[in-house]
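S.K.: Can you read through this structure? Questions will come right after.
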Amino acid sequence: MAHHDHGKHGGKSYWLDRKRNVAKVFYALFAVDVLWMAADFLSRKKAEFDAWGGWADGGFGFYPVYGFVGAFLLVLAAKQMRRVLMRSEDYYERRRDGGAS
Amino acid sequence: MAEFLLSPPLLLMLGSVVLAAAPRNVLPRTVLRALLLALPVYSLWRFWGLDFGDYAQFQLFGQTLTLVRIDPLSRIFVVIFHLAALIGSVYSFYVKDNFQPLVGVFYAGSALGVVLAGDLWTLFLFWEVAAVSSALLVWVRRSGRAAGAGLRYLGMQMVSGVLLLAGIVLLRHEVGAAPGWAEFRNLTGFLENGGLGFSNLAATLIFLAFGLKAAFPLLHSWLIDAYPESTPAGAVFLSAFTTKFAIYALARAFPGQSELIWIGALMTAFPIFFAVIENDLRRVLAYSMTNQLGFMVVGIGIGTELAIFGAVGHGFADILFKGLLFMAMGAVLYRVGHVNGSDLGGLYKSMPITTGLCIVGAASISAFPLFSAFATKSLIMSAAVYKEYFWLWLVLLFASAGVFHHAGIKIPFFAFFHHDSGIRCKEAPRSMIVAMVLAAAASMAIGLFPLAELWFGVANPFYELLPYPVDYAVYTNTHVITQSQLLFFSALAFATLMRTGLYPPELRSVNLDADWLYRRVGLRIWDGAAAAFVALHRAGYAAAGRLATVALATAQRHLGPQGFLGRSWLTASMALWVAVLLAAYLVVFYWRLA
Numbered sequence: 004m005a006h007h008d009h010g011k012h013g014g015k016s017y018w019l020d021r022k023r024n025v026a027k028v029f030y031a032l033f034a035v036d037v038l039w040m041a042a043d044f045l046s047r048k049k050a051e052f053d054a055w056g057g058w059a060d061g062g063f064g065f066y067p068v069y070g071f072v073g074a075f076l077l078v079l080a081a082k083q084m085r086r087v088l089m090r091s092e093d094y095y096e097r098r099r100d101g102g103a104s
Numbered sequence: 303m304a305e306f307l308l309s310p311p312l313l314l315m316l317g318s319v320v321l322a323a324a325p326r327n328v329l330p331r332t333v334l335r336a337l338l339l340a341l342p343v344y345s346l347w348r349f350w351g352l353d354f355g356d357y358a359q360f361q362l363f364g365q366t367l368t369l370v371r372i373d374p375l376s377r378i379f380v381v382i383f384h385l386a387a388l389i390g391s392v393y394s395f396y397v398k399d400n401f402q403p404l405v406g407v408f409y410a411g412s413a414l415g416v417v418l419a420g421d422l423w424t425l426f427l428f429w430e431v432a433a434v435s436s437a438l439l440v441w442v443r444r445s446g447r448a449a450g451a452g453l454r455y456l457g458m459q460m461v462s463g464v465l466l467l468a469g470i471v472l473l474r475h476e477v478g479a480a481p482g483w484a485e486f487r488n489l490t491g492f493l494e495n496g497g498l499g500f501s502n503l504a505a506t507l508i509f510l511a512f513g514l515k516a517a518f519p520l521l522h523s524w525l526i527d528a529y530p531e532s533t534p535a536g537a538v539f540l541s542a543f544t545t546k547f548a549i550y551a552l553a554r555a556f557p558g559q560s561e562l563i564w565i566g567a568l569m570t571a572f573p574i575f576f577a578v579i580e581n582d583l584r585r586v587l588a589y590s591m592t593n594q595l596g597f598m599v600v601g602i603g604i605g606t607e608l609a610i611f612g613a614v615g616h617g618f619a620d621i622l623f624k625g626l627l628f629m630a631m632g633a634v635l636y637r638v639g640h641v642n643g644s645d646l647g648g649l650y651k652s653m654p655i656t657t658g659l660c661i662v663g664a665a666s667i668s669a670f671p672l673f674s675a676f677a678t679k680s681l682i683m684s685a686a687v688y689k690e691y692f693w694l695w696l697v698l699l700f701a702s703a704g705v706f707h708h709a710g711i712k713i714p715f716f717a718f719f720h721h722d723s724g725i726r727c728k729e730a731p732r733s734m735i736v737a738m739v740l741a742a743a744a745s746m747a748i749g750l751f752p753l754a755e756l757w758f759g760v761a762n763p764f765y766e767l768l769p770y771p772v773d774y775a776v777y778t779n780t781h782v783i784t785q786s787q788l789l790f791f792s793a794l795a796f797a798t799l800m801r802t803g804l805y806p807p808e809l810r811s812v813n814l815d816a817d818w819l820y821r822r823v824g825l826r827i828w829d830g831a832a833a834a835f836v837a838l839h840r841a842g843y844a845a846a847g848r849l850a851t852v853a854l855a856t857a858q859r860h861l862g863p864q865g866f867l868g869r870s871w872l873t874a875s876m877a878l879w880v881a882v883l884l885a886a887y888l889v890v891f892y893w894r895l896a
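Protein chains in written order, with our numbering: chain R, 4 to 104; chain B, 303 to 896.
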C-alpha cells in the first residue's frame, strides 16, 4: 500500500497522522466516559423494572456496563461467525466451475 | 379528471414518463431537471391543500376503487416520500444521463400510490408497479452482478405480490366488494383479542406479503443482496421507499399484532452481527436498514399510540439518515470505484465535506441526543418499558449499542479514517453535496425540534405531522444521560478492541446469509434435479432403445428370410391350412347356432 505518502498529501501534514495524537483521542474518549459515568451521581433514576434487583435501568453504572459489554461481546461473537460464514469474494460467481455440473 | 392526473401517484408517474419521452432538442437537460424537481414540489404543495378524506374514486368491474385516501397515517408517509424523491433526484444529477432520477421519481410515485390507496386492489396495483420500477434501479448499474441481483430482487418482490394477490382474492371472495382496510379488519376480527389468530388464511397471506417487503428475518436477504449492487443514486432511491411502505402497510393492517414484537426484536439483533464482519460498506448499511426496520416492526407490534407514533416517526427519520449514509457511501463509490472497508481509509483528507455529512448521518442513526433517531427511536423504547417488556427492552438496548457500533462508528471510521489507504480523490460532486446537506439538515431538525419546544415553546412541526397527538418529553436529564452513557461506552468498547488488536480486520469476503439458501442450496437442488432428469431421460432412452432392439431381433427371427413366418411355404400346405380353417369355422358356426 501507498504508506510512503503518509501525511504528505499536497505537502500537508494531518494532525491524525501522528500515532501520538490518535492515542490522545483514545484517552480523551476515556476521560469523557469517566465523566458520563460520574453523571450517574447527578441523576439517579427510578428503575422501571424489578428484574436484576432493580439494577437494570435504575442502578449505578447499568448503561455504561451494558453498552461496553454488549458492544464488546457483539464484536467477539461476530468474529467467531466468520469461521462458519466467510467465503471468498467470488464465492457465488464460481458456482459453475466448482458446482455440480 | 384533474383529480386523477394531479393526484400524487399519477402526477409523479405520468410526469416522469412525459419528461422521459420528450425529445432532447425540445427539452434541454437543465430544463428537464428543473421540471423533474418541480414535480415532487408541486405535488406536495397540492397535497398539502387537501383535507383528510377520499379522492379520485372510480368504478372498475362494478367495484368502487379509491386512488387517494388521506388520513393521518398516510399523510406523514406522503410528505417524506415527496422529500425523498426530491433529495434523491438532486443527488442523482452527478451523471449526465437522466434515466435514474426519472425512474426514481416514477418509483416514488408508485410508492405514494401504495400509501394513498383506499382499497387493497389499488394497493396491489402500485405494489407491483413499485416492484418492477425499483428493479430497474438495480439493473441500471449495468454490471453482471447487478443483473443477477436485480433478477433475484424482482423474483422476491413478485413472490410478495403473488402472496398479496392471493390474500386479496380470498378477501374479495368473502366480502363481495373491493376490500378496503375497514373490511380487512372487520373480517379478520381484528383488535378483539390483541391481533389476529392467523386462522384467517387471507390475513396470513397478506401478513407474509407485507413481511417480505419489510425484510422479516429469512425473508430479508433480497435487500442485503440487491441494494448494494445498485448505483450510488439507485441505492438512495431504493433505500427510501419499498421497505417503508411495507412498514406503512403493517402499521395500517396489523397494529398490536403481538408476533411482530419478536419478529422485530430478531430483526434489530441479528443483522448487527453480520454488519460487523461485512466488508462492503453499503452492504453494512443494508444490514443496518434491516436493524432499523426491526425497531419499527417492534413499535407496530406493541401497538400503543406511543409505539406506533415512534414506529412511523422512526420510518420518516430513517429515510433521511439512511439516505444520507447511502449518499455518503455512494459518493465514495463514485470517486474511488468501490466501498470495501478493507481497501479504504484516510479519505477525510480528500473528501472532508462528505466526511462531515456522513458523521451527521452516523450520529443520527445512532440516536445521539440532538440528532433525529434520538427523537423517534426513544418512543419505541419507552413504549416497550411502559408495557413492561423487560427482555424485549434489553434486546433493543443491545441493538442500539450495536447500531452505533457498526453504522455510527464502522462506516465513517473505515471509509474516512483508520490507516491511510493512500487513495487521493476529488471531493463529491456538487449535486451530491447539496442533496446530502438537505438530508443532514432535515435529520438535525428532527432532533432539534423537541429541544426548541422545551426551551422556547416553539411547536414541534415534526410531531404535529405524526398520526396521533402524543405528549412525550424527549430531552429529560435521565434520558440524555443514559443514552449518552450507552453510546459512549459502546464507543469505548470499539476503541479498546481496535487498540488491543482484537477487532476483526476488514477482509475481502462474502458472508453467507439467508440468500445462500436459494443462491447455493436451492441452486444445488435445482442442478441436482436437472441432473436427475437428464439421467432419467438417458436411462429411459436407453431402455427404450434396448426394447426396440429386442423387438427388432424377435421380428427378424420370425419374419426374416430364415424365420418361420418369412420362409416360402408349399401351395399344398397352404390349401390344407385353408381347408382346416374353413372346417373350424363351420364347427364354430354350427355350435353357435345350436
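Idealized CB from N, CA, C, for every residue including glycine.
Source: prediction; values computed, not measured.
Fully enclosed by the region 398-426 of chain B, which alpha helix (DSSP H) runs are 4 residues long or longer?
M.R.: Listed in chain order, the complete alpha helix (DSSP H) runs (minimum 4 residues) inside the region 398-426 of chain B are 401-418.
S.K.: At a Cβ threshold of 8 Å, is N495 of chain B touching chain R?
M.R.: Because the pLDDT of N495 of chain B is 42, which lies under 50, any placement of that residue in the model is unreliable, and the question is left without a value.
S.K.: Kindly list the residues whose CB is nearer than 7 Å to the CB of A937 of chain B, restricted to its own chain and excluding five residues on each side of it in sequence; keep chain order.
M.R.: An answer regarding residue 937 of chain B cannot be provided, because it is not within the stretch 303 to 896 covered by chain B.
S.K.: Expressed to the nearest angstrom, what Euclidean distance is found between the alpha-carbon atoms of A837 of chain B and G847 of chain B?
M.R.: Each residue's alpha carbon lies about 15 Å from the other.
S.K.: For the 8 Å Cβ check, are there 3 or more pairs between the region 805-823 of chain B and the region 783-791 of chain B?
M.R.: Not touching, per the Cβ criterion.
S.K.: With respect to the beta strand (DSSP E) encompassing L520 of chain B, which residues constitute its N-terminal and C-terminal limits?
M.R.: L520 of chain B -> no beta strand (DSSP E), and no H or E assigned at all.
S.K.: Check distances from the C-beta atoms of the region 587-601 of chain B to those of chain R and list, in chain order, the residues that come in under 9 Å.
M.R.: So the list is empty, because no residue satisfies the distance condition.
S.K.: What first and last residue would you give for the alpha helix (DSSP H) that runs through Q365 of chain B?
M.R.: Looking at the DSSP string, Q365 of chain B is not in any alpha helix (DSSP H); the run it does join, the beta strand (DSSP E), is 365-372.
S.K.: Along the region 77-91 of chain R, where does the CB come closer than 9 Å to a CB of chain B? Name the residues.
M.R.: Those residues of the region 77-91 of chain R that come within reach of chain B (Cβ to Cβ, closer than 9 Å) are L77, V78, L79, A80, A81, K82, M84, R85, V87, L88, M89, R90, S91.
S.K.: Under a CB-based cut-off of 8 Å, is A103 of chain R close to chain B?
M.R.: Confidence in A103 of chain R is poor, its pLDDT being 40 and thus under 50, which makes the residue's placement unreliable; the coordinate value appears in the next sentence. Taking Cβ atoms only, chain B reaches closer than 8 Å to A103 of chain R, which makes this a yes.
S.K.: Could you check the C-alpha separation between R474 of chain B and P67 of chain R for me, to the nearest Å?
M.R.: The straight-line gap from Cα to Cα measures roughly 54 Å.
S.K.: Going by other Cβ atoms of all chains shown within 10 Å of its Cβ, with 16 needed for buried, is F835 of chain B buried or exposed?
M.R.: Exposed, because fewer than 16 other Cβ atoms sit within 10 Å of the Cβ of F835 of chain B.
S.K.: Since A899 of chain B is in the alpha helix (DSSP H), which residue starts that stretch and which ends it?
M.R.: Outside the displayed span of chain B (303 to 896) sits residue 899 of chain B, for which this structure offers no information.
S.K.: Between the beta-carbon of A535 of chain B and the beta-carbon of Y650 of chain B, is there less than 8 Å?
M.R.: No. Outside cutoff.
S.K.: Going along the region 29-59 of chain R in order, which residues come within less than 8 Å of chain B, judged by CB to CB distance?
M.R.: Hits within the stretch, in order: F29, L32, F33, V35, D36, W39, M40, A42, D43, L45, S46, K48, E51, F52, A54, A59.
S.K.: Going by beta carbon distance, what residues of the same chain come within less than 6 Å of L635 of chain B, once the five residues before and after it are set aside?
M.R.: For L635 of chain B, where only same-chain residues beyond five positions count, the Cβ hits under 6 Å are P534, V641.
S.K.: Let me know if F866 of chain B comes out buried or exposed under the rule of 16 or more other beta-carbons within 10 Å of its beta-carbon.
M.R.: Counting Cβ neighbours within 10 Å, F866 of chain B comes out exposed, since fewer than 16 surround it.
S.K.: Which residues of chain B have a Cβ atom closer than 8 Å to the Cβ of F75 of chain R, listed in chain order?
M.R.: Simply A795, T798, L799.
S.K.: Less than 8 Å between CB atoms is the rule here; does A717 of chain B satisfy it with respect to chain R?
M.R.: Chain R, which has no Cβ nearer than 8 Å to the Cβ of A717 of chain B, makes this no.
S.K.: Does the region 599-613 of chain B come into contact with the region 679-688 of chain B, if we say contact requires no fewer than three beta-carbon pairs (one atom in each stretch) closer than 8 Å?
M.R.: The region 599-613 of chain B is in contact with the region 679-688 of chain B.
S.K.: Taking C-alpha atoms, which residue in B:G617, B:A686, B:S391 lies nearest to S674 of chain B?
M.R.: Closest option to S674 of chain B, Cα to Cα, is B:G617.
S.K.: Quick check: what's the CA-CA separation for L756 of chain B versus N502 of chain B?
M.R.: Spanning the two alpha carbons is a distance of roughly 47 Å.
S.K.: Let me know the alpha helix (DSSP H) ranges lying completely inside the region 523-584 of chain B, each 4 residues or longer, listed in chain order.
M.R.: Taking only runs of at least 4 residues, the alpha helix (DSSP H) segments lying wholly in the region 523-584 of chain B are 523-528, 534-542, 544-555, 561-579.
S.K.: In whole angstroms, give me the CA-to-CA distance for G496 of chain B and I602 of chain B.
M.R.: Reliability fails at G496 of chain B, whose pLDDT of 44 lies under 50, so the model's placement of it is uncertain and no value is given.
S.K.: Look at the alpha carbon of F676 of chain B and the alpha carbon of A703 of chain B, and state the distance between them as a whole number of angstroms.
M.R.: Roughly 13 Å separates the two Cα atoms.
S.K.: Taking Cβ positions only, does F71 of chain R come closer than 8 Å to chain B?
M.R.: Chain B, which has a Cβ nearer than 8 Å to the Cβ of F71 of chain R, makes this yes.
S.K.: The alpha helix (DSSP H) that contains E766 of chain B, what's its start and end?
M.R.: First-last of the alpha helix (DSSP H) with E766 of chain B: 763-767.
S.K.: Should N593 of chain B and A701 of chain B be called a contact, given that it needs their Cβ atoms to be closer than 8 Å?
M.R.: Going by C-beta atoms, N593 of chain B is nearer than 8 Å to A701 of chain B.
S.K.: For V87 of chain R, is the classification buried or exposed, using 16 other Cβ atoms within 10 angstroms of its Cβ as the cut-off for buried?
M.R.: V87 of chain R is exposed by the Cβ-count criterion.
S.K.: Leaving aside the five residues before and after E430 of chain B along the sequence, list all residues of the same chain whose C-beta is less than 7 Å from its C-beta, in chain order.
M.R.: Answer for E430 of chain B: G463, listed in chain order.
S.K.: For A340 of chain B, tell me which candidate among B:L385, B:I735, B:F509, B:E729 has the shortest Cα-Cα distance.
M.R.: The shortest Cα separation from A340 of chain B among B:L385, B:I735, B:F509, B:E729 belongs to B:L385.
S.K.: Taking Cβ-Cβ distances shorter than 9 Å, what residues in chain R pair up with Q858 of chain B?
M.R.: Correct list: empty, because the minimum Cβ distance to chain R is about 40 Å.
S.K.: Going by DSSP in three states, K15 of chain R sits in which element: helix, strand or coil?
M.R.: DSSP places K15 of chain R in strand when its eight states are reduced to three.
S.K.: Note down the Cα distance separating A744 of chain B from R826 of chain B, rounded to an integer number of angstroms.
M.R.: A744 of chain B and R826 of chain B: Cα-Cα distance of roughly 47 Å.
S.K.: Cβ closer than 9 Å: which chain R residues qualify as neighbours of N813 of chain B?
M.R.: Those are M84, R85, L88, M89, R90, listed as they occur along chain R.
S.K.: Could you compute how far the alpha carbon of Y892 of chain B sits from the alpha carbon of A886 of chain B?
M.R.: Spanning the two alpha carbons is a distance of roughly 10 Å.
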